[in-house]
Amino acid sequence: MGKIFVDACLGKETPYTPVWMMRQAGRYLPEYMKVRAEAGNFLNLCHNPAQAAEVTIQPLDIVGVDAAILFSDILVIPDEMGMDLEFIKGFGPKFNDPLETQEDLDKLIGGDEAATKLSYVFDTIKLLRKQLDERGDDIALIGFTGAPWTLATYMIEGQGTKTYNLCKKMMYSNPKLLHNILEKVTEVVKLYMEKQIKAGIDVVQIFDSWAAAIEPSKYNEFSWRYMVDIADYLKSRFPDTPIIMFPKGVSSFIEQGLVYGNFDVFGVDWGTPISMVKEKLGDRYVLQGNMEPCRLYNKEETTASVEAIQKVMGTNRHIFNLGHGILPDVPVENAIHFVKECQRVSKK
Ligand code: CP3
158 MGKIFVDACL GKETPYTPVW MMRQAGRYLP EYMKVRAEAG NFLNLCHNPA QAAEVTIQPL
218 DIVGVDAAIL FSDILVIPDE MGMDLEFIKG FGPKFNDPLE TQEDLDKLIG GDEAATKLSY
278 VFDTIKLLRK QLDERGDDIA LIGFTGAPWT LATYMIEGQG TKTYNLCKKM MYSNPKLLHN
338 ILEKVTEVVK LYMEKQIKAG IDVVQIFDSW AAAIEPSKYN EFSWRYMVDI ADYLKSRFPD
398 TPIIMFPKGV SSFIEQGLVY GNFDVFGVDW GTPISMVKEK LGDRYVLQGN MEPCRLYNKE
458 ETTASVEAIQ KVMGTNRHIF NLGHGILPDV PVENAIHFVK ECQRVSKK
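Laid out in structure tokens, this is it:
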């Protein structure tokens, strides 16, 4: 192994601070748009290992990032549990039969049967492992999952939401059903991530993108403890595989010390001062992040932010990243500028 990115996740000294970007394979790259057009649509692209591997590698060559993230989506999990996912142009993901009752949940496929249905993801990973090893540049491959809570929001609402009213109605009036959903999803996620690791990923990232929808006093009960369970399961089997936890928008929980678990890296979102997180959690976790993604629209603003983050984090126990995903209308040259600046300021 000896991959710089893996070393950085484990808190070891590295010659520079590695950098990657959430959503680095995506619509801001014309090369991605071309492969997506050939595939017909986004889900076909996720289902085609050769094309998914091709777009995973694109940002390595075009933007120069230090790690590859598997091209897929968090929502393929409920899709293979039987929820029939669609991506609608200009709207986003849609499940036509959202979960309302225990009977709806009972109809879903769980456990190993659901995890095994994600075989196209494992095929993509195996292909990527081969392609990355052939390059010989020791680039790490990041695999990922959505947090059970974040996945459940789509399964219950049927789509993205601003208010989370259906999930929260369930949280406060039928918490047992919500827990049953979260437990069933957690079981699939554990087995799915175990299979991703066995297929060849080097690092796991868990996206709790909608963590901030839960009030702090309920966060542990409805989200955090399920992720701790997933991490414990994976760490007991694969102690050397680092786990990155990205819970978006939880700065108030950090201040209350609600964020301990068997993770190696804590992803800091752009709305949370990384200096505060360093003070509270820097001894416990390597930190990842956290440039505001919209700074990418302006090169000077990008440089200023990279320098400010470097000043706080130094050249150790840090991974550069954005504080959420890159947006589709960012010029490619600005993304390249970001990566170069991270590598420049952190070179030892
Ligand atoms: O480059 C990478 O980061 C790897 C690929 C990746 C995608 N989605 C590809 C994608 C990853 C890691 C994700 C995670 C994901 N998917 C999350 C968590 C991360 C986050 O951003 O908070 C969430 C919440 C989703 C669900 C999802 N997928 C939504 C809400 C949407 C529609 C909105 C949007 O950004 O388009 C998607 C679609 C999606 N996932 C695209 C890509 C490249 C765009 C699809 C297209 O080509 O049109």
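The opening position of the sequence shown corresponds to residue 158 in this note's numbering, with each subsequent residue numbered one higher.
Beta carbons: idealized from backbone N, C-alpha and C, even for Gly.
Problem set entry | Minimum length 4: unbroken alpha helix (DSSP H) runs contained in the stretch 215-298 | 259-264, 268-273, 276-292
Problem set entry | Proximal residues to residue 158 (C-beta, below 7 Å), its chain only, five neighbours per side dropped | Reading the sequence shown from its first residue, position 1 is the one you call residue 158. Confidence in residue 158 is poor, its pLDDT being 46 and thus under 50, which makes the residue's placement too unreliable to answer from.
For this session: On the DSSP bridge assignment, give the partners of residue 448 in chain order.
Result: Reading the sequence shown from its first residue, position 291 is the one you call residue 448. DSSP output for residue 448 lists 479 as bridge partner(s).
For this session: Name the one or two DSSP bridge partners that residue 303 has.
Result: Within the sequence shown, residue 303 is the residue found at index 146, counting from 1. The partner list for residue 303 (beta bridge, DSSP) reads 364.
Problem set entry | Beta-carbon separation (whole angstroms), residue 200 vs residue 192, contact threshold 8 Å | Walking along the sequence shown from the start, residue 200 turns up at place 43. Walking along the sequence shown from the start, residue 192 turns up at place 35. With a Cβ gap of about 14 Å, residue 200 and residue 192 do not count as contacting.
Exercise. To the nearest whole angstrom, what separates the beta carbons of residue 306 and residue 365, a pair I think is in contact under 8 Å?
Worked result: As a working note, residue 306 is residue 149 in the sequence shown. As a working note, residue 365 is residue 208 in the sequence shown. At roughly 6 Å, the Cβ-Cβ gap stays under 8 Å, so residue 306 and residue 365 are in contact.
Exercise. Which full runs of the alpha helix (DSSP H) of 4+ residues lie inside the stretch 404-457, going along the chain?
Worked result: 408-412, 431-438
Problem set entry | Per DSSP, the bridge partner or partners of residue 402 | Against the sequence shown, residue 402 aligns to sequence position 245. Partner(s): 363, 423.
Problem set entry | Proximity winner among 315, 256, 361, relative to residue 244 (alpha-carbon distances) | Against the sequence shown, residue 244 aligns to sequence position 87. Among 315, 256, 361, the Cα nearest to that of residue 244 is on 315.
For this session: Report the option in 176, 290, 210 whose CA atom is closest to the CA atom of residue 493.
Result: Walking along the sequence shown from the start, residue 493 turns up at place 336. Cα-wise, what sits closest to residue 493 is 176.
Exercise. What do you reckon, is the C-beta of residue 307 under 7 Å from a heavy atom of ligand 1?
Worked result: By 1-based counting over the sequence shown, the position of residue 307 is 150. Yes, the beta carbon of residue 307 sits closer than 7 Å to at least one heavy atom of ligand 1.
For this session: Count the CB pairs spanning the stretch 271-279 and the stretch 373-382 that are closer than 8 Å, and state whether there are at least three.
Result: no
Exercise. According to the neighbour-count rule (16 or more other Cβ atoms, all chains shown, within 10 Å of its Cβ), is residue 380 buried or exposed?
Worked result: For this step, residue 380 is matched to residue 223 along the sequence shown. Flag for residue 380 reads buried.
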